[in-house]
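Residue numbers for the sequence shown follow our numbering, beginning at 82 and rising by one. Don't be surprised by glycine CBs; every beta carbon is placed ideally from N, CA and C. These figures come from a predicted structure and were not determined experimentally.
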Amino acid sequence: MARLLENHPKIERVYYPWLLSSPWHDIAKSQMTSCGGVISFEIASDLHGVMRFVDALEIPFIATSLGGCESLVQQPAVMSFWGQSDEEKAKNRIKDNLVRFSFGIEKFEDLKDDILQALEKIQDYY
């Protein structure tokens, strides 16, 4: 899923240590035996476009957790970091367009299709 998102035109950046493009790839390979199920990514949109994306998702639950059996999605700027100032968010590298997705046990194709249809709901930002 990280590679799919990395190559999508509406995605600006993917944070996932197992991607070859990740600055943490070599460290991840040396310290871990397999990849994890949490991906963060920045959508090429503003705060409201990302809200539309999250609202358009049908499978994951909207929750501030690292996950469980079910897939979860959160928009940190309006959830876990809501009360922080713009300066505090910037210090923590929390952007308005950041999404955190924790993949559960649903079928890959179902999650892929859901993410792609939700990305289509976002109007071109640039």
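(1) Less than 9 Å separating the beta-carbons of K202 and F134?
(2) Using 10 angstroms around the beta-carbon of M113, count the other beta-carbons present and answer buried if the total reaches 16, otherwise exposed.
(3) Tell me the rounded alpha-carbon separation between E168 and K188.
(4) Quick check on R133: does DSSP put it in helix, strand or coil?
(5) Can you have a look at K193 and say buried or exposed, based on whether 16 or more other CB atoms are within 10 angstroms of its CB?
(6) To the nearest angstrom, report how far apart F142 and S152 are at their CA atoms.
(7) Taking A125 as the reference, which of E190, A137, L86 and R174 has the closest Cα?
(8) Quick one: Cα of D136 to Cα of G117, how far?
(9) Just to confirm the assignment: which complete beta strand (DSSP E) runs, minimum length 3, are found wholly within the segment 151–194?
(10) For E218, report the span of its alpha helix (DSSP H) as first-last.
(11) Taking C-alpha atoms, which residue in L138, E93, H129 and S115 lies nearest to S121?
(12) On the DSSP bridge assignment, give the partners of E123 in chain order.
According to the data block:
(1) Yes, the Cβ-Cβ distance between K202 and F134 is below 9 Å.
(2) With fewer than 16 other Cβ atoms within 10 Å, it is exposed.
(3) Approximately 39 Å, taken between the alpha carbons.
(4) In the structure shown, R133 sits in a helix (DSSP, three-state: H, G or I).
(5) Flag for K193 reads exposed.
(6) Whole-angstrom Cα-Cα distance: 6 Å.
(7) Of E190, A137, L86 and R174, the residue nearest in Cα terms is L86.
(8) G117 has its alpha-carbon roughly 24 Å from the corresponding atom of D136.
(9) Listed in chain order, the complete beta strand (DSSP E) runs (minimum 3 residues) inside the segment 151–194 are 153–155 and 179–183.
(10) The chain is shown only over 82 to 207; residue 218 falls outside these bounds and no answer can be derived.
(11) Just measuring C-alpha positions, the residue of L138, E93, H129 and S115 sitting nearest S121 is E93.
(12) Its beta-bridge partners are R94 and L179.
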